[in-house]
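Colleague:
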Amino acid sequence: MSKANTNASKFLSYILRHEPESIGLSLDTEGWANIEELIRLANASGNPLTVEQLFSIVEKDEKQRFSLSSDNKNIRAAQGHSLKSVSLDLTEATPPTHLFHGTAERFMESINSKGLLAQQRQYVHLTENRNTAIETGTRYGKAVLLSVDRQRMVSEGHKFYQADNSVWLTLAVPPAYIGVVC
Ligand code: HQG
Numbered sequence: 112m113s114k115a116n117t118n119a120s121k122f123l124s125y126i127l128r129h130e131p132e133s134i135g136l137s138l139d140t141e142g143w144a145n146i147e148e149l150i151r152l153a154n155a156s157g158n159p160l161t162v163e164q165l166f167s168i169v170e171k172d173e174k175q176r177f178s179l180s181s182d183n184k185n186i187r188a189a190q191g192h193s194l195k196s197v198s199l200d201l202t203e204a205t206p207p208t209h210l211f212h213g214t215a216e217r218f219m220e221s222i223n224s225k226g227l228l229a230q231q232r233q234y235v236h237l238t239e240n241r242n243t244a245i246e247t248g249t250r251y252g253k254a255v256l257l258s259v260d261r262q263r264m265v266s267e268g269h270k271f272y273q274a275d276n277s278v279w280l281t282l283a284v285p286p287a288y289i290g291v292v293c
């Protein structure tokens with residue numbers, strides 16, 4: 112992806128996950144923004160964005176961070192929201208046997224006592240891909256790869272959801288279900 116599109120993708124993540132009102136945009140309750148309005152407000156706020164660029168970002172983004180409505184008129188972030196006003200219409204699903212979370216060493220003392228918490232976001236983010244988890248942990252320091260005992264969690268009533276881009280979401284993971292892989 113070009114540098115301009117990487118910057119535009121970061122801008123879209125920020126607007127669609129966290130701060131739509133910073134450019135005067137409203138999302139509906141399921142997190143959708145009207146594309147025409149988004150483009151108009153982005154440009155008016157000094158963040159140049161064309162409709163072609165937006166569709167190219169949606170298509171090429173390596174984590175498939177954005178989803179389009181079936182009529183291609185609306186866009187939303189597939190996951191990662193901190194906005195309390197957004198409730199993704201996610202259906203409960205059974206995750207794969209191996210489910211990971213990447214964190215940083217400096218968070219481990221707190222994670223050992225409180226478990227994994229959603230922090231600023233709505234959900235704890237989990238992945239079946241070990242490398243993705245390690246990369247995610249590395250953003251915050253020396254990475255620690257954690258496994259989640261999803262089988263026990265499901266049998267003990269915890270719910271899991273899968274975002275449009277295959278990221279697994281759950282409200283929290285108590286310490287008893289967490290293992291350190293490396
Ligand atoms: C940690 C990326 C202390 C948690 C990724 C993480 C993901 C605790 C940080 C998505 C804790 C929160 C989300 C506790 C959790 N005490 N620290 N009890 N519980 N933590 O960024 O999962 O590139 O909000 O381990 O691929 O790192 O943005 O969540 O280190 O899917 O699309 O608190 O972001 O995708 O950090 O990342 P974040 P995350 P994108």
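Quick note: to get this note's numbering, add 111 to the position in the sequence shown (first position is 1).
The beta-carbon is built from N, C-alpha and C at its ideal position, and this holds for glycine as well.
At a threshold of 6 angstroms, does L237 count as lining the ligand HQG (C-beta to nearest heavy atom)?
Modeller: Not under cutoff, so the answer is no.
Colleague: Taking the alpha-carbon of L149 as reference, which of L123, A189, K270 and H209 has the nearest alpha-carbon?
Modeller: Of L123, A189, K270 and H209, the residue nearest in Cα terms is L123.
Colleague: How about the segment 144–162 and the segment 196–216: do they share at least three Cβ pairs that are nearer than 8 angstroms?
Modeller: Judged by Cβ distances under 8 angstroms, the segment 144–162 makes no contact with the segment 196–216, as fewer than three pairs qualify.
Colleague: Comparing alpha-carbon positions, which option in L257, D200 and S277 lies nearest A287?
Modeller: Of the candidates L257, D200 and S277, the one whose C-alpha sits nearest the C-alpha of A287 is L257.
Colleague: How about A229 and V235: do their beta carbons lie closer than 7 angstroms?
Modeller: Their beta carbons are under 7 angstroms apart, which means A229 touches V235 by this criterion.
Colleague: With distances taken from CA atoms, which of N240, I168, L138 and A215 is nearest T249?
Modeller: Answer by Cα proximity: A215.
Colleague: Determine contact between the segment 194–201 and the segment 167–179, defined as no fewer than three beta-carbon pairs at a distance below 8 angstroms.
Modeller: At 8 angstroms Cβ cutoff, the stretches do not touch.
Colleague: Can you give me the start and stop residues for the beta strand (DSSP E) that T281 sits inside?
Modeller: W279 to T281 is the extent of the beta strand (DSSP E) around T281.
Colleague: Under 6 angstroms: does the beta carbon of R151 sit that close to some heavy atom of the ligand HQG?
Modeller: No; taking the cut-off as 6 angstroms, the Cβ of R151 has no heavy atom of the ligand HQG nearer than that.
Colleague: Please check the pair G226 and V284, which I expect to be a contact at CB under 8 angstroms, by giving their CB distance rounded to whole angstroms.
Modeller: About 5 angstroms; that satisfies the 8 angstroms criterion.
Colleague: Would you mind sorting Q262 into buried or exposed? The rule is 16 or more other CB atoms within 10 Å of its CB.
Modeller: It is exposed - the Cβ of Q262 has fewer than 16 other Cβ atoms within 10 Å.
Colleague: Under 7 angstroms, do D275 and A189 count as touching if we go by C-beta distance?
Modeller: Against a cut-off of 7 angstroms, the Cβ pair of A189 and D275 comes out as a contact.
Colleague: Give the single residue among K174, A155 and I146 whose Cα lies nearest to the Cα of Q164.
Modeller: The option with the nearest alpha carbon to Q164 is I146.
Colleague: Looking at L160: is its Cβ nearer than 7 angstroms to the Cβ of A204?
Modeller: For L160 and A204, no; Cβs fall outside 7 angstroms.
Colleague: For F177, which of helix, strand or coil comes out of DSSP?
Modeller: DSSP places F177 in strand when its eight states are reduced to three.
Colleague: If you drop the 5 nearest sequence neighbours on each side, which residues of the same chain put their C-beta closer than 7 angstroms to that of K270?
Modeller: If we look at K270 and ignore the five residues flanking it on each side, its Cβ neighbours are E203 and T281.
Colleague: Any heavy atom of the ligand MG closer than 6 angstroms to the beta-carbon of G191?
Modeller: By its list of ligands, the structure shown excludes the ligand MG, since it contains just the ligand HQG.
Colleague: For L228, is the beta carbon positioned less than 6 angstroms from some heavy atom of the ligand HQG?
Modeller: It does: the Cβ of L228 is within 6 angstroms (strictly closer) of some heavy atom of the ligand HQG.
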